[in-house]
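Colleague:
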Amino acid sequence: MEITAQSTVSALNGSSVRLPCTFNSCYKVENKHFSLNWTYQECENCSEELDEGTYNCYVMNPPDRHRGHARVFLKVITEVPPERDSTVAVIVGASVGGFLAVVILVLVIVKCVRRKKQQKLNTDDQKTEEEGKTDGEGNPEEGTK
Numbered sequence: 001m002e003i004t005a006q007s008t009v010s011a012l013n014g015s016s017v018r019l020p021c022t023f024n025s026c027y028k029v030e031n032k033h034f035s036l037n038w039t040y041q042e043c044e045n046c047s048e049e050l051d052e053g054t055y056n057c058y059v060m061n062p063p064d065r066h067r068g069h070a071r072v073f074l075k076v077i078t079e080v081p082p083e084r085d086s087t088v089a090v091i092v093g094a095s096v097g098g099f100l101a102v103v104i105l106v107l108v109i110v111k112c113v114r115r116k117k118q119q120k121l122n123t124d125d126q127k128t129e130e131e132g133k134t135d136g137e138g139n140p141e142e143g144t145k
């Protein structure tokens, strides 16, 4: 048997909350024998008496041999946390990303232009060498011109 539950659930003080506890078994559930029980352990460091603490979910579904167990911690909050405005983060991220893309594009273009110039220089040097070949006595070699 497999038991699953959220490890932590947060709830606003005074509100109702449902603690999730689900199970999977390879056996059919029979209501006569099935049992689901909850236990509660108080929060040790809490200053107020709240429902905050650890809730244990126990599931027994005979003919499963073992009882399943899951634990959920309920965190009671007194104020709703402010919503985060991520507009600034998106603008900054997009700006930095765009800037980096432009820099990379410029670097690629510069590299391509330099490579093209280098290839042209190498080709011109090769032509000059072929045109200037001699037989050692200053006479042009046969077949080079």
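As numbered in the working numbering, residues 1 to 145 make up the sequence shown, in order.
Cβ coordinates follow ideal geometry from the N, Cα and C atoms, glycine included.
1) Check whether the region 85 to 100 touches the region 61 to 68, counting contact only when three or more Cβ pairs, one atom from each stretch, lie closer than 8 Å.
2) Answer with buried or exposed for residue 99, where buried requires no fewer than 16 other C-beta atoms within 10 angstroms of its C-beta.
3) Below 6 Å CB to CB, which residues in the same chain sit around residue 20 once its five sequence neighbours on both sides are set aside?
4) To which residues of the same chain is residue 35 closer than 6 Å at the C-beta, ignoring the five residues directly before and after it?
5) Classify residue 11 as helix, strand or coil using the three-state DSSP reduction.
6) Would you identify the three-state DSSP class for residue 112, choosing helix, strand or coil?
7) Should the region 12 to 26 be regarded as contacting the region 67 to 74, the criterion being three or more beta carbon pairs within less than 8 Å?
Modeller: Here's the rundown:
1) Judged by Cβ distances under 8 Å, the region 85 to 100 makes no contact with the region 61 to 68, as fewer than three pairs qualify.
2) It counts as exposed.
3) Around residue 20: 5 and 6.
4) Closer than 6 Å at Cβ, skipping near neighbours: 60.
5) In the structure shown, the three-state DSSP call for residue 11 is strand.
6) In the structure shown, residue 112 adopts helical secondary structure according to DSSP, grouped into three states.
7) The region 12 to 26, when compared against the region 67 to 74, does touch it at the 8 Å Cβ threshold.
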